[in-house]
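K.L.:
Under my numbering, read the sequence shown as residues 143 to 444, first letter to last. The beta carbon of each residue, even a glycine, is placed where N, CA and C say it ideally should be. Here the structure is a predicted model, which is why all the values come from computation and not from measurement. Have a look at the structure that comes next, please.
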Amino acid sequence: MSILVVGSVFFDSIETPHGKVDRALGGAATYFSVAASFFTTVKMVATVGEDFPRDEVEFLSKRGIDLSGLQRRSGLTGSWAGRYHEDMNQRDTLDLQLNVFADFQPQLPATHRDAQYVFLANIDPHLQAMVLDQLAAPGVVGCDTMNHWITESRGALEQLLGRVGILIINDEEARLLSGERNVVKAARRLLAMGPKRVLIKRGEYGVIQFSPDSVFAVPAFPLEEVFDPTGAGDTFAGGFMGELARSGDMSERGLRRAIVYGSVLASFVVEDFGMGRLRTLTQEAIEHRYRQFVSLTDIDGV
Ligand code: AMP
């Protein structure tokens, strides 16, 4: 099964304690799509300006990403600049130019309306709802958000959560949205808002999945050096939902495998700036790290 994603395609200028990069390909929909493309075909719905380079279009197409829902409009592609602290869980946004993304209205081509697997990356919850309104009968809907929408559009976001199966957010957002400091209590509150599952991303501490009757946690892969955490969350979501769409296995076991694949993809993306590592990544490297991941917490097999 293919997977549909809607979200941002931006240029990112990033500074971390390890160096910097200027106007690298970024955006939540981009990270998600490239990660998911290792598992299945991806239909990307987003908008870029006239300045979006042909070779990046080629890169995305070569990864099997369907760009018929990518609107190219007159104006400039959105851009974001951020600087990470020594503690790379902390970052400051230095600049955000939404440009053509400012009045983005997602319009799904007819070929996209029967999508079964859908990921609503971090955009205005009104637009996320607009995407769902255009779909015939979506099966698995994943959703992300950010602090800005939690505080500025809480009503729309809460309504949307009633239509979402899997909420994938970070711990800070989970606390803000639920009003609970403790992650377990926060997850319980979020489940009561509608989603069947809540996945809480905890940066270098990994991911915890909560459903009404189960809890599952994986650590982040222990790396000696994290170069750039940008897009790790979206890359996780791409690996996770890509694997779900590939396997069609929504059992607890299938979901747990998908969470490990998501964590594997996220562990690669942070090894280089921007999308760098995903450009050279191979299927073999993914499978190798998947096995390493499983043995990381294996007790009975030793
Ligand atoms: P993450 O590191 O998972 O928060 O994702 C970072 C990505 O989100 C970067 O590639 C940015 O281009 C993109 N981004 C930053 N600000 C926004 C925003 N306001 N709306 C949508 N995407 C954004």
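#1: According to DSSP, which residues form a beta bridge with F363?
#2: Can we count Y173 as close to the ligand AMP, meaning its CB is less than 7 Å from some heavy atom?
#3: Contact between the region 240–251 and the region 183–203 is defined here as three or more beta-carbon pairs at a separation below 8 Å; is this criterion met?
#4: Cβ of S150 within 7 Å of any heavy atom in the ligand AMP?
#5: Would you say D442 lies against chain B (beta-carbon separation less than 8 Å)?
#6: Exposed or buried, what is S150 when buried is set at 16 or more other beta-carbons lying within 10 Å of its beta-carbon?
#7: For Q351, tell me which candidate among D234, P267, S389, I401 has the shortest Cα-Cα distance.
#8: With a CB to CB cut of under 7 Å and the five nearest residues on each side skipped, what residues in its chain are close to L333?
#9: Would the beta-carbon of G384 fall within 8 Å of that of T182?
#10: As a quick exercise: from E429, M417, V357, I292, pick the residue whose alpha carbon is nearest that of Y403.
#11: If I'm right that K343 touches I311 with Cβ under 8 Å, what's the distance once you round it to whole angstroms?
#12: Would DSSP call D286 helix, strand or coil?
#13: Between which two residues does the alpha helix (DSSP H) holding D275 run?
#14: Scan the region 143–180 and note each continuous alpha helix (DSSP H) run of 4 residues or more that stays entirely inside, going in chain order.
#15: Which one of E346, V273, E228, F369 has the shortest CA to CA distance from V148?
#16: Count the CB pairs spanning the region 384–395 and the region 410–429 that are closer than 8 Å, and state whether there are at least three.
#17: On the premise that V360 lies in contact with V368, defined as a C-beta separation below 8 Å, what is that separation, rounded to the nearest angstrom?
#18: By a C-beta neighbour count over all protein chains shown, 10 Å radius and 16 as the cutoff for buried, is A279 buried or exposed?
#19: Can you tell me which of the three DSSP states D414 falls into?
#20: Which residues mark the beginning and the end of the beta strand (DSSP E) in which S221 is found?
#21: Quick check: what's the CA-CA separation for D442 versus S356?
#22: Looking at the unbroken beta strand (DSSP E) that takes in K343, where does it start and where does it end?
P.N.:
Concretely, from the data shown:
#1: Answer by DSSP bridge pairing: none, since F363 is not bridged.
#2: yes
#3: yes
#4: yes
#5: Among the protein chains of the structure shown there is no chain B, as only one such chain exists.
#6: buried
#7: When only C-alpha atoms are compared, the closest one is I401.
#8: V340, F352, P354
#9: yes
#10: E429
#11: The pair is a contact, with the Cβ atoms about 7 Å apart (cut-off 8 Å).
#12: If DSSP states are grouped into helix, strand and coil, D286 belongs with coil.
#13: 267–275
#14: 170–178
#15: V273
#16: no
#17: That belief does not hold up - the Cβ atoms of V368 and V360 are roughly 17 Å apart, past 8 Å.
#18: exposed
#19: Note: D414 maps to coil in three-state DSSP.
#20: Secondary structure note for S221: its beta strand (DSSP E) is the uninterrupted segment 220–226.
#21: A direct Cα-Cα distance of roughly 21 Å separates D442 from S356.
#22: 339–343
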